[in-house]
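So the structure is just underneath, and the comments pick up after that.
In the working numbering, the protein residues as written are 6 to 700.
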C-alpha cells in the first residue's frame with residue numbers, strides 16, 4: 006500500500022489532500038495540503054515525521070510525540086507561531102497539521118535583496134525577542150532558530166517562528182539500560198547552534214545565540230561559518246563585514262553570541278530591554294570598524310628622519326666601527342638576563358631561546374659595544390610539579406613563562422604577569438574533559454558511581470585528567486588509580502582495569518567504539534605565554550614583539566603563536582575547589598573522598614545556618630518569572646527551604662540546567678544564610694554559581 010509520500014491523490018487521515026511537497030529532510034517530509042472536509046478547503050502544512058529509532062522504542066516515541074505535539078498546540082496561541090490543528094499517527098508514521106504561513110523566509114529575502122538595513126533588522130529582532138519571551142515562559146527552548154525558520158508573513162510582514170526542535174527530538178528517543186528515555190541525536194543547525202547545545206545541553210540563551218547570529222546574517226549577508234573568529238576566545242568577529250552598523254546594536258549582538266552561555270543575556274527580556282534602551286549616541290556608526298587611511302609623510306618630516314638616521318650611521322661607522330651598526334635596528338632590552346620558565350621538555354624551547362639570544366641586545370650601548378649579551382636560560386621541564394612552578398612564578402624567578410596549562414596561566418595572572426602569546430594556537434580556544442566508561446559498562450551517568458568504582462586519573466598537573474574530573478565528581482567517594490597518561494587511561498578502561506577514565510575530549514576518545522562518554526566538563530580555557538611584572542614595560546613590549554616575529558617553525562616547535570588571552574573567570578572557581586579537595590583528601594589512600602568534611606551519602610545531622618552548607622533533595626520547582634527559579638529543598642528533619650536562583654546562575658551550575666532532571670536530585674547550598682518567610686519555610690537566595698552544587 007502506498008503512503009501519501011508517494012501518492013498525492015491519496016488522502017492523509019482521510020481528509021487532507023496533498024498539493025505538493027515543500028521539502029524533505031532527515032526527519033521526514035513537509036507537504037502543502039488542503040482540508041477536503043472544510044468548505045473553504047483551507048491550506049495547511051503537513052509534516053510527516055519518520056522514526057529515528059528501533060521498533061522496540063515505539064511506545065516511548067508515541068508518548069513523547071503526543072506530549073511535545075500538545076506543547077506545540079499550546080504555543081500556537083501566540084500570533085507569531087503557527088497554530089497546530091491536529092496530530093496523529095497513520096501507517097506507522099507521525100503527522101503534524103499546522104497553519105500555513107504565506108510569506109518569505111529571512112534566508113530567501115537576504116538572498117534576493119542582499120544585506121538588510123539596520124532599522125529593518127532591529128524591527129525583526131525586537132519582534133522575535135517578544136516571541137522568545139513567550140516561548141521561554143513555557144519552559145521551552147526552540148533549538149533551531151535560523152534565517153530559514155523565520156517567515157516574514159505576507160499580510161503584515163511580521164516574523165513568524167517555525168519548526169520547533171522538540172518534536173524532532175521525540176522522534177529520536179531511545180531507552181538507556183535503566184529504561185529511561187534519552188535522545189540519540191542533537192537538534193540544531195551547525196553554525197547557528199551554540200556550543201552547549203551541540204553537546205545536548207541547550208539553555209534559554211542558546212536561542213538568543215542563534216537569534217543573534219540570524220541578525221548578523223541579515224546585516225552582513227554571511228553565514229556563521231563564513232565569518233571570522235578570534236582564535237584566542239572563539240568569539241565571532243563580524244563588525245568589519247557591516248561597518249555601517251551602530252555601536253549600540255553591535256554591542257547587543259556581540260553579547261548575544263558570546264561563546265560561553267554565562268556571558269550572554271540571561272533572558273529574552275534582558276536582551277529586549279538592552280535593545281530598547283539604546284540612545285541616539287548608541288545608534289551612531291562604529292567608526293572603529295572602518296580602517297583609518299595611512300597618512301602620507303610630509304617631505305619635511307621625511308627629510309628630517311633621514312637626516313637623523315644618516316647622522317647616527319655616520320657617527321657609528323666613523324667612531325665605533327661597522328660592528329656597532331646592529332644597535333640601530335636590533336630589539337633592545339634593559340634586562341641583563343632572562344629566565345624562560347617551561348613545563349615541557351626543554352628541547353621544544355631550545356631553538357627559540359637560541360633565536361632570542363641572537364635577536365635581543367642590551368639597551369645600554371656601552372654594554373653592547375663591549376660585546377655583552379643578554380643571558381638566557383631555560384628553567385623547568387615536564388617533570389616539574391605544578392606547585393613548584395607556582396612557587397617560582399610567585400617569587401618572580403621566571404621572566405617568560407610558557408605555562409602549558411590554564412592552571413599555571415591563572416597562577417601567572419594572579420602574580421601580575423602579562424599575556425604575550427597563546428599556547429597551542431592551532432587548536433580550539435577551549436577544550437573539554439570527558440568522563441568515560443567501557444561501551445558495555447552498566448554506569449550510565451556520574452550518579453551511578455559508588456565508592457568501589459575505580460577511576461583512572463592523570464597526574465596532579467593535568468587540567469583535563471585530574472582537575473576537571475575531581476571538580477565534576479565533587480561530593481563522590483571513589484577508588485582512585487592515578488598518575489597515568491591519556492593513552493594508558495583509555496587502555497585501563499578498555500581492559501577493565503578501571504571502571505571510569507578521565508581525559509581531554511579528543512578524536513581518540515570520541516571515535517573509540519569501545520568507549521562511551523558519560524559526562525562532559527565545562528569548557529577548559531587555553532594556556533598562554535606570560536611575562537614577569539619585574540620586567541620593564543618597554544622590555545615586555547620588545548619581548549612580546551620578538552616572540553611573535555619569530556620564524557613560524559620555531560613558534561610551532563615551542564607550541565605558541567598569536568592570539569587573544571583566554572577568560573579564566575569560571576576556571577578559577579574550578580581550581581579553587583579542586584585544590585581545597587587536595588588539602589582535605591589523600592589521593593594515595595583508597596577510597597578517596599572528592600570533598601571536604603561530611604560525605605554526601607546522608608544529609609548532615611545538623612543544618613548549619615551560619616553560612617556553611619545545607620543539603621537536601623529537590624522535591625519540586627517553579628518559575629515565578631522568566632528569569633527566576635524557585636527550588637523546593639527538603640533537608641534534615643523535613644525542614645523545607647525555598648532556594649531562589651536566577652536562570653543565569655543556574656545555567657552555570659553543572660547538572661542544574663535541566664530542571665526536569667533536577668527533580669529528586671541532592672543539592673548543596675554553601676555560604677548562604679536562610680531567611681524566614683513564614684509557615685516554617687526558610688529562603689536561600691543564591692548570589693553566584695559557587696554557592697550551589699548538584700551532588
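Every residue gets a Cβ at the ideal spot worked out from N, C-alpha and C, and that includes glycine.
Output the distance between the C-alpha atoms of residue 588 and residue 121, rounded to the nearest integer angstrom.
-> 58 Å
Consult DSSP for residue 413 and reduce its assignment to one of helix, strand or coil.
-> helix
Per-residue burial, residue 477 [other beta carbons within 10 Å of its own, 16 or more giving buried] = buried
What's the gap between the Cα of residue 49 and the Cα of residue 257?
-> 37 Å
In three-state terms, what does DSSP make of residue 284?
-> coil
The region 217-227 touching the region 149-160, judged by at least three CB pairs closer than 8 Å = yes
Could you please give the first and the last residue of the uninterrupted beta strand (DSSP E) stretch that includes residue 466?
-> Note, residue 466: premise wrong, no beta strand (DSSP E); not H, not E.
Of the listed residues 112, 264, 242 and 202, nearest to residue 219 (C-alpha basis) | 112
Cα-Cα separation between residue 464 and residue 390, rounded to whole angstroms | 9 Å
Going by Cα to Cα distance, which pick from 249, 276 and 250 is closest to residue 260?
-> 276
Taking buried to mean at least 16 other C-beta atoms within 10 Å of its own C-beta, is residue 334 buried or exposed?
-> exposed
Determine the burial state of residue 572: buried for a count of at least 16 other Cβ atoms within 10 Å of its Cβ, exposed for fewer.
-> buried
Kindly give me the distance between the Cβ atoms of residue 410 and residue 348, rounded to whole angstroms, as I take these residues to be in contact under 8 Å.
-> 7 Å
With a Cβ-Cβ cutoff of 8 Å, do residue 670 and residue 618 count as a contact?
-> no
Boundaries of the beta strand (DSSP E) in which residue 269 is found, first to last residue | Run containing residue 269: none; DSSP gives neither H nor E here.
Closest to residue 81 by CA distance: which of 34, 547, 95 and 168 is it?
-> 168
Reference residue 681, options 584, 648 and 665, closest by Cα = 648
Since residue 673 is in the beta strand (DSSP E), which residue starts that stretch and which ends it?
-> 671-675
Start and end residues, beta strand (DSSP E) containing residue 135 | It is not in any beta strand (DSSP E) - residue 135 instead sits in the alpha helix (DSSP H) that spans 123-142.
Buried/exposed call for residue 653, threshold 16 Cβ in 10 Å | buried
With DSSP as the reference, please indicate the residues paired to residue 25 in a beta bridge.
-> 37
Quick one, are the C-beta atoms of residue 475 and residue 586 less than 8 Å apart?
-> yes
With distances taken from CA atoms, which of 15, 433, 83 and 103 is nearest residue 89?
-> 103
Exposed or buried, which one is residue 508 when buried takes at least 16 other CB atoms within 10 Å?
-> buried
Curious, which full-length beta strand (DSSP E) runs of at least 3 residues does the region 472-555 contain?
-> 482-486, 505-509, 520-525 and 533-536
Hey, is the region 245-252 in contact with the region 438-451, meaning 3+ C-beta pairs nearer than 8 Å?
-> no
Which residues bound the alpha helix (DSSP H) around residue 212?
-> 209-225
Check residue 234 in the structure and name its three-state DSSP category.
-> strand
Leaving out five residues before and five after residue 295 in sequence, what residues of the same chain have Cβ atoms less than 6 Å from its Cβ?
-> Bear in mind that a pLDDT of 49 at residue 295, under 50, signals an unreliable position, so the model cannot answer this.
Pick from 639, 116 and 472: whose alpha carbon is nearest that of residue 584?
-> 472
Taking only runs that begin and end inside the region 334-422, name each unbroken alpha helix (DSSP H) of 4 or more residues, in chain order.
-> 352-364, 370-374, 391-399 and 411-419
Sub-8 Å separation of residue 559 and residue 405 beta-carbons | no
Quick one, which of 533, 575, 378 and 127 has its alpha-carbon nearest residue 566's?
-> 533
Expected contact under 8 Å - CB spacing of residue 41 and residue 15 to nearest Å = Rounded, the Cβ-Cβ distance is 12 Å, inconsistent with contact.
Nearest candidate by alpha-carbon position, reference residue 2, set 267, 548, 457 and 253 | The structure shown does not extend to residue 2, since the chain is modelled only from 6 to 700, so the question has no answer here.
Residue from 525, 459, 529 and 530 with nearest C-alpha to residue 497 = 459
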